[in-house]
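Student: After the structure tokens below, expect a handful of questions from me.
2 protein chains.
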Amino acid sequence: MGPGQRSVRRSGRGRRAHLVRRSAAAAQTPLHPGPGRAKLTWINRIMIPLSPPPDPGGAAMASAPPPAGPPDNAPFDPCQPCGLGGLALCRDLPERERLALIALQTTVRLDAHETLFTEGDRALYLYTPVAGAIKLYKMMQDGRRQITGFFFRGDLFGFAAGSVHGATAEAVTPVELCRFPLARLEALLPQAPTLERLVLRRALARLARYEDQVLLLGRKSAPEKLASFLVSLAERAQERGEPASPVLVPMGRADVADYLGLTIETVSRTLTRFRQDGLIGLPRSGTVVVLDAARLRRLAEGAEIPR
Amino acid sequence: MGPGQRSVRRSGRGRRAHLVRRSAAAAQTPLHPGPGRAKLTWINRIMIPLSPPPDPGGAAMASAPPPAGPPDNAPFDPCQPCGLGGLALCRDLPERERLALIALQTTVRLDAHETLFTEGDRALYLYTPVAGAIKLYKMMQDGRRQITGFFFRGDLFGFAAGSVHGATAEAVTPVELCRFPLARLEALLPQAPTLERLVLRRALARLARYEDQVLLLGRKSAPEKLASFLVSLAERAQERGEPASPVLVPMGRADVADYLGLTIETVSRTLTRFRQDGLIGLPRSGTVVVLDAARLRRLAEGAEIPR
DNA sequence: CGTATGCTTGAACGTTATCAATACTGGTGG
DNA sequence: CCACCAGTATTGATAACGTTCAAGCATACG
Numbered sequence: 001m002g003p004g005q006r007s008v009r010r011s012g013r014g015r016r017a018h019l020v021r022r023s024a025a026a027a028q029t030p031l032h033p034g035p036g037r038a039k040l041t042w043i044n045r046i047m048i049p050l051s052p053p054p055d056p057g058g059a060a061m062a063s064a065p066p067p068a069g070p071p072d073n074a075p076f077d078p079c080q081p082c083g084l085g086g087l088a089l090c091r092d093l094p095e096r097e098r099l100a101l102i103a104l105q106t107t108v109r110l111d112a113h114e115t116l117f118t119e120g121d122r123a124l125y126l127y128t129p130v131a132g133a134i135k136l137y138k139m140m141q142d143g144r145r146q147i148t149g150f151f152f153r154g155d156l157f158g159f160a161a162g163s164v165h166g167a168t169a170e171a172v173t174p175v176e177l178c179r180f181p182l183a184r185l186e187a188l189l190p191q192a193p194t195l196e197r198l199v200l201r202r203a204l205a206r207l208a209r210y211e212d213q214v215l216l217l218g219r220k221s222a223p224e225k226l227a228s229f230l231v232s233l234a235e236r237a238q239e240r241g242e243p244a245s246p247v248l249v250p251m252g253r254a255d256v257a258d259y260l261g262l263t264i265e266t267v268s269r270t271l272t273r274f275r276q277d278g279l280i281g282l283p284r285s286g287t288v289v290v291l292d293a294a295r296l297r298r299l300a301e302g303a304e305i306p307r
Numbered sequence: 001m002g003p004g005q006r007s008v009r010r011s012g013r014g015r016r017a018h019l020v021r022r023s024a025a026a027a028q029t030p031l032h033p034g035p036g037r038a039k040l041t042w043i044n045r046i047m048i049p050l051s052p053p054p055d056p057g058g059a060a061m062a063s064a065p066p067p068a069g070p071p072d073n074a075p076f077d078p079c080q081p082c083g084l085g086g087l088a089l090c091r092d093l094p095e096r097e098r099l100a101l102i103a104l105q106t107t108v109r110l111d112a113h114e115t116l117f118t119e120g121d122r123a124l125y126l127y128t129p130v131a132g133a134i135k136l137y138k139m140m141q142d143g144r145r146q147i148t149g150f151f152f153r154g155d156l157f158g159f160a161a162g163s164v165h166g167a168t169a170e171a172v173t174p175v176e177l178c179r180f181p182l183a184r185l186e187a188l189l190p191q192a193p194t195l196e197r198l199v200l201r202r203a204l205a206r207l208a209r210y211e212d213q214v215l216l217l218g219r220k221s222a223p224e225k226l227a228s229f230l231v232s233l234a235e236r237a238q239e240r241g242e243p244a245s246p247v248l249v250p251m252g253r254a255d256v257a258d259y260l261g262l263t264i265e266t267v268s269r270t271l272t273r274f275r276q277d278g279l280i281g282l283p284r285s286g287t288v289v290v291l292d293a294a295r296l297r298r299l300a301e302g303a304e305i306p307r
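Residue numbers (the UniProt record's numbering), protein chains in the order written: chain G, 1 to 307; chain H, 1 to 307.
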């Protein structure tokens with residue numbers, strides 16, 4: 001890359017990370033400073049169906065209004081409160097463990113750009129988005145930012161090595177989260193072997209995802225990074241039962257850049273070239289239509305000449 | 001960065017990744033091809049003390065001959081066979097679980113550059129190095145390589161998301177490994193809650209390490225990467241009771257480069273400049289003396305002007 | 001309809017890769 | 001013991017990819 005893939009740094013001058021709206025203050029004091037903290041409107045153990053499975057064919061959910069609409073009315077499912085269908089932890093749990101888990105469950109809502117927790121905060125919960133998207137990021141003193149992951153419907157995040165979060169969690173879109181208090185969860189684990197295995201499985205899946213991300217960051221070119229990103233978003237959408245073709249990209253260019261280790265400009269330029277080359281279409285902000293999935297995939301794997 | 005941080009690629013021409021000795025064949029066929037596979041000299045449930053805790057003050061163990069020498073002769077410790085002292089999983093386990101775990105344990109030895117398992121292989125064991133070092137890497141079709149981690153005495157690796165390894169494991173130095181068969185381990189877990197918690201804890205620790213690595217790869221400059229690498233090696237050495245100051249760097253420049261997302265040349269140049277600036281000393285191959293730990297650490301965090 | 005915010009596009013620059021020798025290091029055989 | 005050799009590390013010159021700086025453009029919003 002160029003000279004300043006990271007020249008944002010040094011004495012805090014310059015552009016810093018791609019600052020997101022009111023994050024200027026937060027940029028100065030990355031560790032549990034608390035300014036701009038979210039207001040955390042939350043509801044305890046809601047029993048009404050909160051959000052339906054994604055309506056395919058719908059428009060971008062980029063900054064869409066909070067979701068609404070009832071899910072399919074199947075026979076009573078204790079997992080229904082969080083509206084996650086089969087994606088959540090609840091799934092595949094024996095009845096006893098499932099009920100115990102659901103007893104712990106609580107719902108949280110955040111608006112876009114609100115902070116859920118900050119690097120250095122005590123880790124108190126595990127979270128699963130029910131609707132919307134969350135990003136996790138680490139920040140350097142001078143404001144350089146690296147997004148470590150995006151989390152969508154059914155993903156699990158909030159894992160902490162010690163008792164403290166290693167990254168900051170912020171809402172990309174308005175988001176609704178299913179959360180489980182760690183203390184009570186841990187107390188439950190000895191009596192819930194299936195659940196514990198499930199949590200471990202999730203952690204291992206995240207490890208595998210990190211392996212890919214490390215390869216991407218360390219060894220892929222900008223076009224390959226973007227291609228990988230789109231392919232990954234598409235695959236993940238498919239895994240949760242959404243269509244793969246119109247890839248919904250709810251995050252802005254700044255977030256994409258900070259996830260891929262690039263700058264906004266490079267992301268923009270690269271997507272433009274993808275469009276010119278007939279790889280993708282960009283009908284509206286937040287939506288990418290994949291026109292040549294095979295070539296995009298080959299590009300992502302480094303087996304295609306970019307131009 | 002420059003133009004070709006990743007231009008090694010494309011049509012397999014050019015330099016590929018930094019090829020390690022006889023890995024040419026393996027480079028062509030990254031997935032379970034099996035050529036150049038290790039011979040895996042292993043011993044089942046050895047009862048003789050195999051290797052002592054690291055003797056501080058000793059010379060580089062870079063490509064040192066296999067270790068020898070008895071550990072402290074404490075009252076009989078069932079964990080002694082693997083010689084890991086308090087670092088292993090055994091530690092902190094109730095007696096019953098510990099014995100059960102040790103019954104599964106087996107020892108494996110590899111020479112430097114031998115492959116333990118390959119990306120795509122079925123995941124059959126969890127491993128802990130007792131002496132020596134292992135690297136894990138992913139490879140792209142055209143030979144670009146990204147090392148995802150180095151594992152030393154007491155570290156745990158071999159986690160797989162599905163039933164298959166996501167990376168290749170290769171010995172950096174002659175290495176002795178304590179290994180546990182996954183199938184029997186899983187069968188044991190329901191009766192060994194402490195053990196399961198311990199495995200989860202290890203996986204979470206690895207997640208935290210990945211977060212740091214992602215920040216490093218995505219947002220740090222070459223000098224910052226090198227500084228972070230040295231600091232990390234020093235800290236990890238200290239955590240396992242070894243001295244931090246003469247940092248032992250058993251891997252070659254190619255491995256360092258493929259870990260940090262750089263080239264051999266940049267690694268070499270950067271270390272040379274560190275030496276010229278009085279940050280470090282390079283007395284012998286495989287040994288780095290930290291002369292200004294504070295500045296090195298600040299550099300690693302991006303809070304120091306490189307030059 | 002004007003102002004904010006984010007996205008796109010252009011030109012110049014810089015860090016890091018590439019290409020190419022040269023020097024070193026450890027092991028082996030004369 | 002030393003010359004040799006293969007692998008490895010260092011150093012130099014050049015160039016490229018991606019960044020930085022700087023406008024211009026679109027989309028949303030009051």
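The beta carbon of each residue, even a glycine, is placed where N, CA and C say it ideally should be.
With respect to the beta strand (DSSP E) encompassing V130 of chain G, which residues constitute its N-terminal and C-terminal limits?
Tutor: 125-131
Student: So is A300 of chain G in contact with chain H if we call contact Cβ pairs under 8 Å?
Tutor: When Cβ-Cβ separations below 8 Å define contact, A300 of chain G makes no contact with chain H.
Student: So G132 of chain G and T173 of chain G are in contact, right, with Cβ under 8 Å, and what is the actual spacing, rounded?
Tutor: 4 Å
Student: Taking 6 Å as the limit between beta carbons, can you name the residues of its chain near V267 of chain G, skipping five residues before and five after?
Tutor: R253, V256, A257
Student: Give the interface partners of L215 of chain G over in chain H, defined as CB-CB distance under 8 Å, in chain order.
Tutor: Below the 8 Å Cβ cutoff, chain H contributes K138, M140, Q146, T148 as neighbours of L215 of chain G, in chain order.
Student: Which ranges does the alpha helix (DSSP H) cover as unbroken runs of at least 4 residues, wholly within the UniProt domain "Cyclic nucleotide-binding" (89-158) of chain H, from first to last along the chain?
Tutor: Runs of the alpha helix (DSSP H) inside the UniProt domain "Cyclic nucleotide-binding" (89-158) of chain H: 95-104.
Student: A103 of chain G to E239 of chain H, Cα distance in whole Å?
Tutor: 39 Å
Student: Could you spell out where the alpha helix (DSSP H) holding V267 of chain H opens and where it closes?
Tutor: Start and end: 264-276.
Student: Closer than 7 Å by beta-carbon distance: list the chain G residues that pair up with F159 of chain H, in chain order.
Tutor: L204, L207
Student: Buried or exposed, going by whether 16 or more other CB atoms sit within 10 Å of the CB of Q276 of chain G?
Tutor: exposed
Student: Would the stretch 151-158 of chain H and the stretch 217-233 of chain G be scored as touching if the rule is three or more Cβ pairs under 8 Å?
Tutor: no
Student: How many whole angstroms separate the CB atoms of L279 of chain H and R295 of chain H, which I take to be in contact at a CB cut-off of 8 Å?
Tutor: 6 Å
Student: In its own chain, which residues sit with a C-beta less than 7 Å from the C-beta of E97 of chain G, not counting the 5 before and 5 after it?
Tutor: A192, T194, L195
Student: Against chain G, with Cβ distances strictly below 8 Å, would G166 of chain H count as a contact?
Tutor: It does: the Cβ of G166 of chain H has a partner Cβ on chain G nearer than 8 Å.
Student: State yes or no: is the C-beta of T107 of chain H within less than 8 Å of the C-beta of T168 of chain H?
Tutor: no
Student: Residues of chain G with CB under 9 Å from G286 of chain H, in chain order?
Tutor: For G286 of chain H, none of the residues of chain G pass the 9 Å Cβ criterion, the least Cβ distance being about 23 Å.
Student: Whose CA, out of G:A171, G:G120, G:A123, G:V288, lies closest to the CA of F151 of chain G?
Tutor: G:A171
Student: DSSP three-state label for A171 of chain G, please.
Tutor: strand
Student: Nearest to E224 of chain H by alpha carbon, out of H:E301, H:C90, H:R122?
Tutor: H:E301
Student: Candidates H:L215, H:L291, H:L188, H:V231: which alpha carbon is nearest L99 of chain H's?
Tutor: H:L188
Student: With DSSP collapsed to three states, give me the class of L279 of chain G.
Tutor: DSSP places L279 of chain G in coil when its eight states are reduced to three.
Student: Decide if S51 of chain H is buried, meaning its Cβ has at least 16 other Cβ atoms within 10 Å, or exposed.
Tutor: Note that S51 of chain H scores 37 on pLDDT, short of 50, meaning its location in the model is unreliable; the coordinates nonetheless yield the value given after this. So S51 of chain H counts as buried.
Student: Let me make sure I understand the geometry here. Which of H:S163, H:L291, H:Y210, H:V175 has the alpha-carbon closest to that of L124 of chain H?
Tutor: H:S163
Student: Would you mind giving the Cβ-Cβ distance between residue 309 of chain H and K138 of chain G, rounded to the nearest angstrom? I have them listed as a contact below 8 Å.
Tutor: Any question about residue 309 of chain H goes unanswered here, given that chain H covers just 1 to 307.
Student: Taking 8 Å as the threshold (C-beta atoms), are V249 of chain H and V288 of chain H in contact?
Tutor: Yes, the Cβ-Cβ distance between V288 of chain H and V249 of chain H is below 8 Å.
Student: Straight-line CA distance for Q146 of chain G to M251 of chain H?
Tutor: 27 Å
Student: Compile a chain-ordered list of the residues in the stretch 170-204 of chain G whose CB is closer than 9 Å to at least one CB of chain H.
Tutor: E186, L189, P190, P193, E196, R197, V199, L200, R201, A203, L204
Student: Would you tell me roughly how many angstroms separate the C-alpha atoms of S285 of chain G and E265 of chain H, rounded to the nearest one?
Tutor: 42 Å
Student: Which residue wins for smallest C-alpha separation from Q141 of chain G, given the options H:L215, H:R202, H:R201?
Tutor: H:L215
Student: Of all the residues that make up the stretch 245-261 of chain H, which are near chain G by a beta-carbon distance shorter than 7 Å?
Tutor: G261
Student: Is any beta-carbon of chain G found at less than 8 Å from that of Y210 of chain H?
Tutor: It does; some Cβ of chain G falls within 8 Å.
Student: Mind pulling the chain H residues with CB within less than 7 Å of A303 of chain G?
Tutor: Q141
Student: How close, in whole Å, do the beta carbons of V247 of chain H and L200 of chain G come, if the pair is a contact with beta carbons under 8 Å?
Tutor: Between L200 of chain G and V247 of chain H the Cβ distance is about 33 Å, and since that is not below 8 Å, they are no contact.
Student: I'd like to check one pair, C178 of chain G with V130 of chain G: are the Cβ atoms closer than 8 Å?
Tutor: Yes.
Student: Would R236 of chain G count as contacting chain H if we go by Cβ distances under 8 Å?
Tutor: no
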